[in-house]
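Residue numbers (this note's numbering): 1 to 145.
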């Protein structure tokens, strides 16, 4: 039996998706519509990365298989520049590259964000991604009369 983690966050992440359900770039942009409703708990002074970009990256990492805060940070670090652009990370004006946040930045935001608001936003996103179930038509009984 694996050891329990001290943080409830990784166990909650298991409900978000699986590595067999990859997140397409077109869906990442759609994810922003839901996560923008989650308030940024950080002080506005000195913010380098927008909360929306960090939350989108964290959720995208989980939906593609990340199961810990370290794995989320590694996914963000390894993400291609195009993906970072779609997620909302700004390019450095001198280099044109999109720098990625340190693992501690991601961890601090995820620890402080309103869990209920994040859960509601992600749940709404996953419901929107789920195709509607086909309506089953009832068969008429062809009984002898």
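We put the CB at the ideal spot given by N, CA and C, even for glycine.
All values reported here derive from a predicted model rather than from experimental measurement.
ask   = Along the chain, which unbroken stretches of the alpha helix (DSSP H) at least 4 residues long are found entirely within the segment 86-138?
value = Correct list: 103-112, 115-129.
ask   = Considering only C-alpha positions, which residue in the set 136, 128, 105 is nearest to residue 41?
value = The residue with the shortest Cα to Cα distance from residue 41 is 105.
ask   = Where residue 49 and residue 98 are concerned, what is the direct C-alpha to C-alpha distance, given to the nearest angstrom?
value = If I take the Cα positions, the gap works out to 11 angstroms.
query = For the putative contact between residue 61 and residue 71, defined by C-beta atoms under 8 angstroms, what is the C-beta separation to the nearest angstrom?
reply = Yes, residue 61 and residue 71 are in contact; Cβ-Cβ is about 7 angstroms, under 8 angstroms.
message = So residue 58 and residue 110 are supposed to be a Cβ contact under 8 angstroms. How far apart are they, rounded?
response = About 6 angstroms separates the two Cβ atoms, so the contact holds.
request  = Let me know if residue 47 comes out buried or exposed under the rule of 16 or more other beta-carbons within 10 Å of its beta-carbon.
outcome  = Exposed, since its Cβ has fewer than 16 Cβ neighbours within 10 Å.
query = When we look at the beta-carbon of residue 66 and count the other beta-carbons within 10 Å, is it buried (16 or more) or exposed?
reply = Label assigned to residue 66: buried.
ask   = By the 10 Å Cβ neighbour count, where 16 or more other Cβ atoms means buried, how is residue 37 classified, buried or exposed?
value = Here residue 37 is exposed: its Cβ has fewer than 16 other Cβ atoms, across all protein chains shown, within 10 Å.
query = Ends of the alpha helix (DSSP H) at residue 59?
reply = In the DSSP annotation of this structure, the continuous segment of the alpha helix (DSSP H) that includes residue 59 starts and ends at 51-63.
query = Can you tell me whether residue 44 is buried or exposed, with buried defined as 16 or more other CB within 10 angstroms of its CB?
reply = Result: exposed.
inquiry  = Do residue 32 and residue 56 count as a contact pair if the criterion is CB distance below 7 angstroms?
reply    = Taking 7 angstroms as the Cβ cut-off, residue 56 and residue 32 qualify as a contacting pair.
request  = Measure the alpha-carbon distance for residue 53 versus residue 78 and round it to whole angstroms.
outcome  = Separation of residue 53 and residue 78 (C-alpha to C-alpha, rounded to the nearest whole angstrom) is 15 angstroms.
message = In the DSSP assignment, the alpha helix (DSSP H) including residue 69 goes from what residue to what residue?
response = Per DSSP, residue 69 belongs to the alpha helix (DSSP H) from 69-78.
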